[in-house]
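Heads up, the thing below is written out as structure tokens.
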Amino acid sequence: MCQVPPPRDDVSFLAAAAAAVRIKLPRKSREAMPEEKLSTTEELKARARNSSWKHQVNSNLVMITSSSSSSRGRLLGPSSATTTQTIQQTTTQTTTQTTTTMSSSSSGSSGSASMSKQRHVKYFGEKYHGKLLVLWLILGLGAAVYINHSLTDSYIERRRETLANMCKERAWMLQDQFNSSMNHVRSLTALVTTFHLAKQPSALDQETFAAYTARTSFERPLMSGVAYAHKVEHWQRRAFEEEMGWSIKEMRSNAPRAQNLDEYAPTVLSQNTLAHLASVDMMSGEEDRENILRSRASGKGALTSPFRLLESDHLGVVLTFTVYKTDLPDDATPAQRIQATAGYVGGAFDFESLVENLLRQLSESQTIIVNVNDVTNKSNPLVMYGPNIPDGNEIEVCQLEFGDPFRKHEMRCRFNKEASVVWTAITTTFGIVVIVLLVAQIFYAAGNRIAKVEEDYRKMEDLKVRAESADVAKSQFLATVSHEIRTPMNGVLGMLQMLMDTELDSTQRDYAHTALESGKQLIKLINEVLDQAKIESGRMELETVPFKLRTILDDILTLFSAENKDKGIELAAYVSERVPDVVLGDPVRLHQIVTNLVGNSIKFTDRGHIFVSVHLEEDVKAAMSAQCEACSKQVTETQDHSDKLNTVDAAGSCSTLSGLEAADRRNNWETFKLILKQEKSRLTTHKQPVDTVKLVFSVEDTGVGIPVHAQERVFSPFMQADSSTSRNYGGTGIGLSISKCLVELMKGEIGFVSSLGVGTTFWFTVNFKVGDLEALEAAHSAECSKQQRAAHSSTPLTTQLSGLKALVVDGRPVRSEVTRYHLRRLGIQVDVASDVSSALAHQRSKNLDMILIDKDAWGSSTGLSYPSKIKEAGPTLAPKLVLLAFDDDEHKAKAAGFSDNVIKKPLRASYIANHLEKALGLDLKRRTRESSTPTSSSSDTSASINSGSGSSNNLHSLLTGKWILVVDDNKVNRRVAAGALQKYGARVECVESGRLAIEKLEPPHKFDACFMDIQMPEMDGFEATRRIRCFEKRGGSHVPILAMTADVIQATYDECRRCGMDDYVSKPFEEKQLYRAVAKFF
């Protein structure tokens, strides 16, 4: 890990960077400052006087956060970069304050007043500091005591409210349940009146009453039983006893009742639980007699005072209702009620059980203590439930109404536990005291801290000025390095290219070619370093243009075809049918990502294959999910899951492109077949157009793999798996880092799967918008950058082969599917045969136009034997036989009978089309037709030049006689450009400054185009172009001006377009760049 350097070293680095590029202040500022080191304020004043310096600081202030942190992060480590970012953030926050200081310092009187005010505040703070501190402590402690009392009183009040609510709740529930039971008893009076008194004879006997009351006892769960006592007057006693068959008995002694009483109330109907009361005179009990008398006089229910029940020994009461013979008005007198009385219905309440059941239903039953009293006699209250609760502070009393106006009841409640200590008040008071003391400490320390803060602020201003200088140094350093390295490299590569165009022997040509390729590798390295710098500084911008994805991959295969031939490994690409033909995105950056990944695979792979595939993410996920479900059913617990996925054929080779095992199962035949199946099903079911597609790119190789310990740092810049001095593979380790950053800029993801000794598969996802051919054609015709034209340009695929029938003979299904993919792009109908017998059967049954046999169809060089197999099978109509092989297999192919019909790998659609047209004789017809159509020849020439593959004759016809002005202050660059253009017939004139270019291009002039360098003495290319355009506005034809510079920063290109230049060519340039640029305007 990198250690954070001390601040002094950091400042030294910034100062050194500024000194390295020799940044100088404008002349006025230099004269205003003394040679010795100025203070921060004086330096800011001197720089602020010059408007150009202020503009330079303001324009680079935003760039400092990205540029300075990225460069210093790479040189000094991440910790140092973080320190710089902190300094920059603080610097940004203090910019406004610094500006205010600069403005105020310009006026002496204002500055004096400000300093006087600061001294006054300081003196006031020192004088009253102690008194204010004591006052704060007194107020704070007083507030703490007040809050303590307030919280305690609030707690007590809440406790009282809680007790009142809980007591009221219990009183209401007790009263409600008691009244409910009273209503059920009252309903029995209607039963007796209707079925016993109103019926003659009575429809209600003892058995029926007992059965009814037993079945309805659930309505009276707290009553031990109910009974009906009939009113019998003295003169009716004898007849009544004879009718009932028993004599009226005394309640206590159970003896016959005395004969000399005026009235009796014997029990005639009772619930089975009260069967012992049959024939007992309820008037013989004092409490019951009083209850009966009050009930029939008032017409309401009457309660007895509490007493012990016989069976449960619980406290209870007896409830009595009067049964009248007839309905009475509400205002009936007591005499009328007594006269109409027929009997009495009564029931015994188990009051203790009633209250117990009630409290058991409440979750807070243990929180408070409940006491129910009969307070009819207030001087001697009778306890009906609970302990006797004396009067006190925390007592809540609720009145109970049980329906008897004579009896008074109340409920008393108190908490089971005494009030606890109010910890909230204590902790809050303690917290306030702590806060008061802390604020006092802060207040005390604030005065001491102000001086330290002011000192830090002055240091921060100094760091701000130095950081601004470092930002300017960084920006100029990047531009200078790019320009100063590319300028001589342009001369080196240009002169080497011109040298190779001369007559050289084989040794000299080999030396020149080696030097040229080495120079190109150096330029590639410089581009990668600059790309990394632009990415880290946030200046990388992506284009959104239409392009053909399949053409991009074909170009990449062509780029690596030579290295692939030297190593003898399979290199192939496959794009799903569901991927749109035209997408919108940045083709240059996509080309760069795939090129980096394929280049790494080429470097680390000596055998096997490299396979680039592109699918829709939804198809890959669906196929992988289906495969996992199938494997979960088939793979036993003892089998390894990976062994099942990497299927192996009988010969011991895996079903991949080359037959060697791969790290990722995604491109073996089992998974590849599932993906193809998903794609075909979705092609038929999902026909609705979509606006955006998410593509999965996969680059699979069978190389050395990545060790486990090195996989974490694969995407780190300038890091390699083997960083020792004796490593086998070269490179800077920056390509993968750039690829990762570019993928993330495209809102995608990148990853890899690697196994040591097996290989590596890199994958990444990118979102593209779906384009169309019309947009692509519009991009061809519109003015665009060099990169866009390079992406758009591609020779269209021929239609001469459309409708032909072909047979692919290959024992490897993945490889045969890749071949089928390229042929179907040409409109050819393709069948696949995996062995000789099926191939011969296809040949006999179908009218084939061609048969394509892979050289290694069933093993090494086994495809060469197919012509002899045809001869052995007997005479048949033999179509064209084409062998798919590497360059070094041509002699063997001819000897085997394939003549000149050999297509060299890697396969590309355009290359296959050219070869098949030649083999089938279609190229002669096409050339004849094109020669008769001038427009097609012209378009073909344009397409050839745009693709960089045009012949010398076409370029001569394009450039011959054209006058081109080359403007560059470097003599070598002028010779390179002039030599490249003169080689193909252009008339070139060179000048060394923008002033001379204006003189040459002042109307009227003879030039058809101009190549203009940007950085030149006297007058740069921007200013020269602006003046030339001004001449053209006053009168004159438009001359194409192309920027020619070694500065590759995006801002430079934008400035070129703003000043009126038509295009942009970076140094070092190749001849093809010049041809494409000039051909656009001719």
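This note's numbering puts the first residue of the sequence shown at 211, with every later residue one more than the last.
Ideal Cβ placement from N, Cα and C applies to all residues, glycine included.
> Does the distance from the C-beta atom of E606 to that of L373 stay below 7 Å?
Replying inline: Going by C-beta atoms, E606 is nearer than 7 Å to L373.
> How would you label S865, buried or exposed, when you count the other beta carbons within 10 angstroms and need 16 or more for buried?
Replying inline: Per the 10 Å Cβ criterion, buried.
>> Using the three-state DSSP reduction, which class does H1310 fall into: helix, strand or coil?
In response: For the chain, the structure presents residues 211 to 1292; residue 1310 sits outside this window and is missing.
> With S391 and L432 assumed to form a contact (beta carbons below 8 Å), what rounded beta-carbon distance in angstroms separates them?
Replying inline: Indeed, because the Cβ distance is near 6 Å, the residues count as touching under 8 Å.
>> On the DSSP letters alone, give me the boundaries of the alpha helix (DSSP H) that M454 sits inside.
In response: It spans R447 to M454 - the alpha helix (DSSP H) in which M454 sits, taken as one unbroken run.
>> For S397 and V436, I'd like the C-alpha separation in whole angstroms.
In response: So the two alpha carbons sit approximately 12 Å from each other.
>> If the criterion is Cβ atoms closer than 7 Å, does the pair L525 and E562 meet it?
In response: A contact, by the Cβ cut-off of 7 Å.
> If V980 and V903 are in contact, beta carbons under 8 Å, what's the gap, nearest whole angstrom?
Replying inline: Rounded, the Cβ-Cβ distance is 6 Å, consistent with contact.
> What separation, rounded to the nearest whole angstrom, lies between the Cα atoms of K418 and D491?
Replying inline: Looking at the sequence itself, residue 418 is Thr, so the reference to Lys does not match. The alpha-carbon atoms of T418 and D491 are separated by roughly 22 Å.
>> Taking its Cβ as the centre, do 16 or more other Cβ atoms sit within 10 Å of N375, making it buried, or is it exposed?
In response: It counts as exposed.
> For the putative contact between S1048 and G1021, defined by C-beta atoms under 8 Å, what is the C-beta separation to the nearest angstrom?
Replying inline: Under the criterion of beta carbons closer than 8 Å, S1048 and G1021 do not qualify as touching, at roughly 11 Å.
> Buried or exposed: which applies to C868, given that a residue is buried once 16 or more other Cβ atoms fall within 10 Å of its Cβ?
Replying inline: Residue identity check: residue 868 is Ser in the sequence provided, not Cys. Residue burial is scored here from C-beta neighbours: S868 has at least 16 other C-beta atoms within 10 angstroms and is therefore classed as buried.
>> Quick check: what's the CA-CA separation for S489 versus F517?
In response: Going by the C-alpha atoms only, they are around 22 Å apart.
> Just how far apart, CA to CA, sit P1227 and L1206?
Replying inline: Each residue's Cα considered, the two are about 11 Å apart.
> Closest to R653 by CA distance: which of T805, L343 and Y721 is it?
Replying inline: In the sequence as presented, Arg is not what sits at residue 653; that position holds Phe. It is L343 whose Cα lies nearest to the Cα of F653.
>> Going by DSSP in three states, Q1039 sits in which element: helix, strand or coil?
In response: The answer is strand: DSSP assigns Q1039 an E or B state.
> For T483 versus N501, is the C-beta distance shorter than 7 Å?
Replying inline: No. Outside cutoff.
> Under a three-way DSSP split, which group does V1046 fall into?
Replying inline: The DSSP-derived three-state label of V1046 is helix.
> Roughly how many angstroms separate the alpha carbons of E581 and H440, rounded to a whole number?
Replying inline: Looking at the sequence provided, one finds Asn at residue 581 rather than Glu. Cα to Cα, the separation comes out at about 36 Å.
>> Using only the alpha-carbon positions, how far apart do D586 and Q609 sit?
In response: Correcting the residue type first, residue 586 is Thr in the shown sequence and not Asp. If I take the Cα positions, the gap works out to 12 Å.
>> Once the 5 residues before and after L1211 are set aside, which same chain residues still bring their CB inside 8 Å of it?
In response: Cβ contact annotation for L1211 (same chain, cutoff 8 Å, sequence separation greater than five): L1175, F1217, C1220, I1238, F1241 and V1249, in chain order.
> Taking DSSP as the reference, what is the three-state secondary structure of V702?
Replying inline: V702 falls in the helix class under three-state DSSP.
> What are the start and end residues of the alpha helix (DSSP H) that includes R425?
Replying inline: Element bounds for R425: Q416 to R425.
>> Run through the DSSP bridge pairs and tell me what H619 is partnered with.
In response: Its beta-bridge partners are D584 and L610.
> Looking only at its own chain, which residues have a Cβ that is under 6 Å from the Cβ of K1115, when we skip the five neighbours before and after it?
Replying inline: If the five residues before and after K1115 are omitted, its C-beta is found closer than 6 Å to the C-beta atoms of F1096, all from its own chain and listed in chain order.
> Apart from the five residues just before and just after L952, which ones in its own chain have a Cβ nearer than 6 Å to its Cβ?
Replying inline: R799 and I803.
> Would Y1296 pass as a contact of V555 if the rule is Cβ separation under 7 Å?
Replying inline: Given that the chain is displayed from residue 211 to residue 1292, the structure contains no residue 1296 and the question cannot be resolved.
>> Taking the straight line between their C-alpha atoms, what separation do you get for M1222 and R1184?
In response: Spanning the alpha carbons of M1222 and R1184 requires a straight line of approximately 10 Å.
> Looking at the unbroken alpha helix (DSSP H) that takes in A1016, where does it start and where does it end?
Replying inline: Segment K1015 to V1019 is the beta strand (DSSP E) holding A1016; no alpha helix (DSSP H) there.
> Which same chain residues, not among the five before or five after E889, have their C-beta less than 8 Å away from its C-beta?
Replying inline: Closer than 8 Å at Cβ, skipping near neighbours: S786, E787, R788, H825, L826 and D829.
> Going along the chain, which residues of its own chain have a beta-carbon closer than 7 Å to the beta-carbon of I599, five neighbours each way excluded?
Replying inline: Correct list, in chain order: I579, N581, I605, R622 and R624.
> Which residues share a DSSP beta bridge with D1064?
Replying inline: In the DSSP output, where bridge partners are listed per residue, D1064 has L1094.
>> Report the start-end ranges of each beta strand (DSSP E) in the region 497 to 548 that is 3 residues or longer and not cut off at the edges.
In response: You should have 525 to 534.
> Taking the Cβ atom as the reference point for each residue, do V702 and G729 lie within a distance shorter than 7 Å?
Replying inline: Yes, they are a contact pair.
>> Please tell me whether V909 and V822 are closer than 7 Å, where the distance is taken between their beta carbons.
In response: A contact, by the Cβ cut-off of 7 Å.
>> Below 8 Å on the Cβ atoms is my contact criterion, and I expect T638 with I357 to pass it. Report the Cβ-Cβ distance as a whole number of Å.
In response: At roughly 6 Å, the Cβ-Cβ gap stays under 8 Å, so T638 and I357 are in contact.
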